[in-house]
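Visitor: Every letter in the sequence shown is one number past the one before it in the UniProt record's numbering, and letter 35, counting from 1, is 35.
Encoded as structure tokens, here's the structure I'll be asking about.
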Amino acid sequence: MFKEERTRLREEENRRIKYVSASKSSASYEPLQEDCSSNSSENIDSEDFPTLNESSEPGTSKSVMRKYFITQKIVAALVRCQLNMGDSVFVLEATIDALGSNIDEFPISKSSIQRIRTQKLKERVENIKIVFQNEVPNVVTLHWDGKLLPALSARKSKKERLPIVISYGLKKQPIAVPRLDNSTGKEQEQAVWKAILD
Numbered sequence: 001m002f003k004e005e006r007t008r009l010r011e012e013e014n015r016r017i018k019y020v021s022a023s024k025s026s027a028s029y030e031p032l033q034e035d036c037s038s039n040s041s042e043n044i045d046s047e048d049f050p051t052l053n054e055s056s057e058p059g060t061s062k063s064v065m066r067k068y069f070i071t072q073k074i075v076a077a078l079v080r081c082q083l084n085m086g087d088s089v090f091v092l093e094a095t096i097d098a099l100g101s102n103i104d105e106f107p108i109s110k111s112s113i114q115r116i117r118t119q120k121l122k123e124r125v126e127n128i129k130i131v132f133q134n135e136v137p138n139v140v141t142l143h144w145d146g147k148l149l150p151a152l153s154a155r156k157s158k159k160e161r162l163p164i165v166i167s168y169g170l171k172k173q174p175i176a177v178p179r180l181d182n183s184t185g186k187e188q189e190q191a192v193w194k195a196i197l198d
């Protein structure tokens, strides 16, 4: 009985906070102008800015502000700490709550975290490739060595992988880690050649 009352009070409080924050934020929200200067050196995504979405609650016509705040730096921190999707959701919700913001204003679920994480990691990979291609000299050293690494699809199985690294000067840059069906010299040669062409 006490638990049900506490749940009901929490839901009422969340609805009140949601209504108050939506009315405050919609009054002070100004959309991003299209004619912003393009001299900025940072890569700015439209996802990093708040957007207005219609409320899906029946009988209401108010707009709810959805804030997209997950940047490449946050994604890198979640990946580096090896947090799974559930733990990522928990950490992000706790952070938003600790900062005094309303959790309902942010798109936090396992699927949205996975989608944003995948997108940001792809963007990061593309940025690394572009920077690498612009600064690589004409002469580099290519290193590769077969390794048995844990398979991404199964917990206890191992797959043969071929880490391929390019070094030049004092820098080392991994360029690929292809999976090998068998570790013959011919297959390693084909994997290295394919990685170079990519």
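Think of the CB as a built atom: it goes at the ideal place given N, C-alpha and C, for glycine as much as any other residue.
The structure displayed is predicted, hence computed values, not measured ones.
1. What is the DSSP secondary structure of residue 70, reduced to helix, strand or coil?
2. Straight-line CA distance for residue 187 to residue 141?
3. Enumerate in chain order the residues of its own chain whose CB-to-CB distance from residue 93 is below 7 Å, with the five nearest sequence positions on each side excluded.
4. Assuming the contact rule is C-beta atoms closer than 8 Å, residue 132 and residue 173 should be a hit. Round their C-beta distance to whole Å, please.
5. On the three-state DSSP scale, how would you describe residue 203?
6. On the DSSP letters alone, give me the boundaries of the alpha helix (DSSP H) that residue 197 sits inside.
7. Going by C-alpha to C-alpha distance, which of 171, 76, 99 sits closest to residue 122?
8. Whole angstroms is fine: what's the gap from residue 143's alpha carbon to residue 167's?
9. Is it the case that the Cβ atoms of residue 88 and residue 113 are separated by a distance below 8 Å?
10. Please return the same chain residues whose Cβ sits closer than 6 Å to the Cβ of residue 116, not counting the five positions on each side in sequence.
11. Quick check: the Cα distance between residue 137 and residue 106, rounded to an integer number of angstroms?
12. How many angstroms separate the CA atom of residue 179 from the CA atom of residue 145?
13. Could you please give the first and the last residue of the uninterrupted beta strand (DSSP E) stretch that includes residue 103?
14. Pull the bridge partners of residue 174 from the DSSP assignment, please.
15. Just the Cα atoms here: how many angstroms apart are residue 48 and residue 96?
16. Please confirm whether residue 191 and residue 175 have their CB atoms less than 8 Å apart.
17. Would a C-beta distance cut-off of 8 Å place residue 85 and residue 120 closer than the cut-off?
Guide: In terms of the structure at hand:
1. Of the three classes helix, strand and coil, the one that applies to residue 70 here is coil, per DSSP.
2. Taking the CA atoms as reference points, residue 187 sits about 20 Å from residue 141.
3. Taken in chain order, the residues that qualify are 103, 108.
4. In this structure residue 132 is in contact with residue 173, their Cβ atoms being roughly 6 Å apart against a cut-off of 8 Å.
5. In the structure as shown, the chain begins at 1 and stops at 198. Residue 203 is therefore absent and cannot be evaluated.
6. Run containing residue 197: 185–197, per the alpha helix (DSSP H) assignment.
7. Nearest C-alpha to residue 122: 76.
8. About 8 Å.
9. In this structure, residue 113 lies closer than 8 Å to residue 88 by Cβ.
10. Cβ-Cβ distances below 6 Å link residue 116 to 70 in the same chain, with the five nearest sequence neighbours on each side left out; the list follows chain order.
11. Near 44 Å, if we compare the C-alpha coordinates of residue 106 and residue 137.
12. If you draw a straight line from the Cα of residue 179 to the Cα of residue 145, it comes to about 12 Å.
13. Here residue 103 belongs to no beta strand (DSSP E), and DSSP marks it neither H nor E.
14. Per DSSP, 165.
15. Below a pLDDT of 50, predicted positions are generally treated as unreliable, and residue 48, at 43, falls in that range; no measurement from the model is reported.
16. No. Outside cutoff.
17. At least 8 Å separates the beta-carbon of residue 85 from that of residue 120.
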